[in-house]
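Colleague: First the structure, which I've put down as structure tokens, then a few questions once you've had a look.
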Amino acid sequence: MAKKHAKRAEQQQKQETSPVQPLPHPNVATKTMMSDNRQHVESLGATWTAVSGLHPQVLIPQVIPTVMQEGGTRPSWQWKEGGKDYLLMAWPKDMPLRASVLFAGKEGEQMRPVSCVPLLEGLPNDLTVASVHAWEEGCGANVGVNILEPERPMWFYDPFYTRDKTDLTEGVTHTFLLAALAFGVRRALLDEITITQGPAYEAYAQAWLEENPGKTRLDVPPLQVNVAGKHIIQPGNSFSEYQMRAKIQDIDTCSLDTMPISILYTQFPMPEGSPLTIPVYVAKVNLRNYEPKVGDEIDAYVWFQGRVIDWDGAAVTSGDGVSRGTVEPVSEQGKNEK
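Numbering that gives the first Met the number 0 puts the first residue of the sequence shown at 0, with every later residue one more than the last.
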């Protein structure tokens, strides 16, 4: 399964130099990246619940020792920054969705767990950095990237922030591994949505009033938008969370321990260049009775995760013998888990 995902990543990189094949419904992606009423929620508890269906306080004390004993790492998952050594270990080694623990400590001294994150193996997308919001605990960050409108970036969580931070310069384009974790997925139910606020509605209302002299704002009917076959990403309750409507291009499966995970591959056509390609990881518990099929149009509520591409390209190897100090036995869980 990991090899199948890696093959898709290789194909995605080659796609950058080949003509883009249009989707069956090649509509321009709709992105109203509004910042109103959203917050940078600095907690990963909900993501662990989305993966397992379990409360993070029950899961995390089991995850950290397992990753320490059985997990692996890569050369690009070990780095120095600000006088500290960082080491990220992940388990299982052969799955595209892993439990990961980030260890940190002063150079040459013992390292302690500082973060515990569901690590998603994403697919490469060339994206331009617009803004960065570093989390208070200092190990992760929400990164905003330009898609269509520079003033309204699309956000994702970067668990490798202390490694990537020097590259996350506004206006600089990088290849990011981008993926999504679903809190819920269902087959798309509606072909038409009603819009009563936002920039699209305001433009529609102004045009309607010009065409109907003598009428007032109260007379403007709701905007009805046909969304059948369209690809939509709209902001959710907090930064890095989004509502998606997309067509499933392909399906794969993996597991985290005994928890089955489906990977739904989606694409969002862009006006220029390659499409935005996002694998959506969804635990069986969040599919409920829905069995996704290739070609289905889906509605999903997701959390985006991304990182600058791992240039070493190595398979996950054992964490034994890593010359980055020693890992201290766990006495408490990472600070940012709630």
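Glycine included, each C-beta is placed from N, C-alpha and C at the ideal position.
1) Using only CA atoms, which one of Leu96, Pro152, Ser237, Val57 lies nearest to Val281?
2) On the criterion of 16 or more Cβ atoms from any shown chain inside 10 Å, does Ala206 qualify as buried, or is it exposed?
3) Which residue comes first and which comes last in the alpha helix (DSSP H) that contains Gly104?
4) Helix, strand or coil for Glu56, going by three-state DSSP, please let me know.
5) How is the beta strand (DSSP E) around Pro198 delimited, first residue to last?
6) Out of His54, Gln61, Val142, Tyr85, which one is the CA nearest neighbour of His39?
7) Please list, in chain order, all residues of the same chain as Tyr264 whose beta carbon is under 6 angstroms from its beta carbon, the five residues on each side excluded.
8) Let's see if you can read the secondary structure: which residues bound the beta strand (DSSP E) around Lys83?
9) Is any non-hydrogen atom of the ligand ZN found closer than 8 angstroms to the C-beta of Val224, if you look at the structure I gave you?
10) How should Thr193 be labelled, buried or exposed, when 16 other C-beta atoms within 10 angstroms of its C-beta is the threshold for buried?
11) Go through its chain and collect everything with a Cβ distance to Leu58's Cβ below 7 angstroms, but skip five positions before and after it.
12) When burial is assigned at 16 or more other CB atoms within 10 Å of the CB, is His230 buried or exposed?
13) Are the stretch 102-111 and the stretch 122-130 touching by the rule of at least three beta carbon pairs closer than 8 angstroms?
14) Since Ala133 sits in a beta bridge, which residues does DSSP pair it with?
15) Do three or more CB pairs link the stretch 299-310 to the stretch 141-161 at distances below 8 angstroms?
16) Out of Met110, Met88, Pro198, Leu167, point me to the one whose CA is closest to Thr72's CA.
17) Assuming the contact rule is C-beta atoms closer than 8 angstroms, Leu255 and Ala98 should be a hit. Round their C-beta distance to whole Å, please.
Modeller: The answer reads as follows:
1) Counting from one through the sequence shown, the residue named residue 281 turns up at place 282. The option with the nearest alpha carbon to Val281 is Leu96.
2) On the sequence shown, residue 206 is found 207 positions in, with the first residue counted as 1. Result: exposed.
3) If you number the sequence shown from 1, residue 104 lands on position 105. Where Gly104 is concerned, there is no enclosing alpha helix (DSSP H), although the beta strand (DSSP E) it sits in stretches over 96-105.
4) Within the sequence shown, the letter at position 57 stands for residue 56. Contrary to the premise, residue 56 reads as Gln rather than Glu in this sequence. Residue state, collapsed to three classes: helix.
5) If you number the sequence shown from 1, residue 198 lands on position 199. Unbroken run through Pro198 is the alpha helix (DSSP H), 198-210; no beta strand (DSSP E).
6) Working through the sequence shown from its first residue, we reach residue 39 at position 40. For His39, the nearest C-alpha among the options comes from Val142.
7) Translated into the one-based positions of the sequence shown, residue 264 becomes position 265. Excluding residues within five positions, the ones whose Cβ falls inside 6 angstroms are Gln248, Asp249, Pro278.
8) Position 84 of the sequence shown, counted from the first residue, corresponds to residue 83. Note, Lys83: beta strand (DSSP E), 83-90.
9) With respect to the ligand ZN, the structure shown offers nothing to examine, as it has no ligands at all.
10) Your numbering for residue 193 matches position 194 in the sequence shown. Flag for Thr193 reads exposed.
11) Along the sequence shown, read from residue 1 onward, the residue named residue 58 stands at position 59. Closer than 7 angstroms at the Cβ level, and outside the excluded window around Leu58, lie Trp47, Ser51.
12) Taking the first residue of the sequence shown as position 1, residue 230 is located at position 231. His230 should be labelled buried.
13) no
14) Counting from 1 along the sequence shown, the entry for residue 133 is found at position 134. DSSP output for Ala133 lists Ala140 as bridge partner(s).
15) yes
16) For the purposes of this step, residue 72 is identified with residue 73 of the sequence shown, where counting begins at 1. Comparing Cα-Cα distances from Thr72 to each of Met110, Met88, Pro198, Leu167, the minimum goes to Met88.
17) Here residue 255 refers to the residue found at position 256 of the sequence shown. Here residue 98 refers to the residue found at position 99 of the sequence shown. The Cβ separation is near 7 angstroms, so the contact holds.
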